[in-house]
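Mapping of the sequence shown onto the working numbering: residues 11 to 335, in sequence order. Heads up, the thing below is written out as structure tokens.
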Amino acid sequence: MTKTRSIIRGVGGYLPEKVLTNAELAAMVDTSDEWIQQRVGIKERHIAAEGQYTSDLGLEAAKKALEASGVSADDIDLIIVATTTPDYTFPSTASIVQMKLGIHHGMAFDIQAVCSGFVYALATADSYIKNGLATRALVIGAETFSRIIDWTDRTTCVLFGDGAGAMVIEKAELADDAPEQGVLASALRSDGHHWDKLYVDGGPSTTGTAGHVHMQGPEVFRHAVGKITDVVYSTLDKAGYTVADLDWFVPHQANKRIIEGAGNKLGLPSEKVVMTVDIHANTSAASVPLALSVAVADGRIKSGDLVMLEAMGGGFTWGASLIRW
């Protein structure tokens, strides 16, 4: 007997060339490098160039993931892009990435779960593969959050940046007694009652504009640690593991204090927590795959490691995926 698994073939990340430092932000709004680092742990963020779109960032990350996986674009039959900042209202950014990769077959669509988007997209791709709807998927988190930031609002403009991360996953039939590999379990949650704690004040149906980000920071922080740890425990329970079994925790890179708070509540030593928020800022759906790509590239995450991905975002949405690398 065999079991179907979605195994990870490769990951990749991409950041725009332009870097915006805290010192540069301090010249734009009433803030300081010391205040930003103390409150959220961010030193700098990357900003997409004029004429550089979410699909462009996603494409570059996808190319790197494909190269790392040894898989051709022609082998991909599913593309999911997690994004809150699509190129257009429609078509989907995934369709545009598909076109830019020269792919004419398979399916492509976007998922909108804000910062939780990549975890939602990975769980969706895993489900499609296990149910026979796809064989090889390209899962991308890509954002140009700088386009929906009010650069006069110091409470939000210091937090976000642009970037993209991607992962190639592939169907594998493993013998029942074979070592575990790939996506082992996922858990996804949402509660729309909290929508106004983190939202954008625009949209096609309401204002006909893209709008800007608004956030009740203390309220988001108050909910974050509890929801994060709850979904991590749920995912571990599904797969039959405990926190002690984890080799790596790769959380959404929103805020250093939230990451540290979740790690402490889970009882994870800091050396098992991947943190890139200082150099990437919050890249929403791109933050988890970006952090993952950094930890794989520098050799921290290795074959056989047990890795927990986690994210929480506007909606509220939150989720986690457990992977045997």
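Where a beta carbon is used, it is the ideal one built from N, C-alpha and C, also for glycine.
The residues Ile89, Ile90, Val91, Ala118, Phe119, Asp120, in chain order, have a CB closer than 7 angstroms to that of Ala104 in the same chain once the five nearest residues on each side in sequence are set aside. For Ile57, same chain residues with a beta-carbon under 8 angstroms away, outside a window of 5 residues either side, are Pro26, Lys28, Val29, Leu30, Ser156, Gly171, Asp172 in chain order. By the criterion of at least three beta-carbon pairs nearer than 8 angstroms, the segment 265-282 is not in contact with the segment 296-307.
As DSSP reads the structure, His56 sits in a beta bridge with Val29. Exclusion of the five residues before and after Ser102 leaves Phe119, Asp120 as the residues of its chain whose Cβ lies within less than 6 angstroms of its Cβ. Looking at the DSSP output, Thr327 sits in a beta bridge with Ser200, Gly323. Judged by their CB atoms, Tyr98 and Glu70 are not nearer to each other than the 8 angstroms cut-off. Between Ser16 and Ala197 a beta carbon distance of about 16 angstroms is seen, past the 8 angstroms cut, so the two are scored as non-contacting. Comparing alpha carbon positions, the residue from Gly116, Lys53, Ser294, Ala182 closest to Ala83 is Gly116. 8 angstroms or more divides the Cβ of Val241 from the Cβ of Leu208. Sorting Asp206, Asp211, Gly212, Val39 by C-alpha distance to the C-alpha of Pro228 places Asp206 at the top. The DSSP assignment places complete beta strand (DSSP E) segments of no fewer than 3 residues inside the segment 138-170 at 146-154, in order along the chain. If the five residues before and after Ile106 are omitted, its C-beta is found closer than 7 angstroms to the C-beta atoms of Ser65, Asp97, all from its own chain and listed in chain order. Here Arg310 carries a coil assignment [DSSP, helix/strand/coil].
For Ile86, no beta strand (DSSP E) segment is defined, and its DSSP state is neither H nor E. Here the segment 136-144 lies against the segment 176-192, with 3 or more beta-carbon pairs under 8 angstroms apart. DSSP places Thr103 in the uninterrupted alpha helix (DSSP H) bounded by 103-110.
Contact between Ile159 and Thr166 holds: CB atoms are separated by about 6 angstroms, below the 8 angstroms threshold. Looking from the CA of Trp258, the closest CA among Thr93, Ala174, Val168, Leu332 belongs to Leu332. DSSP links Lys237 through a beta bridge to no other residue.
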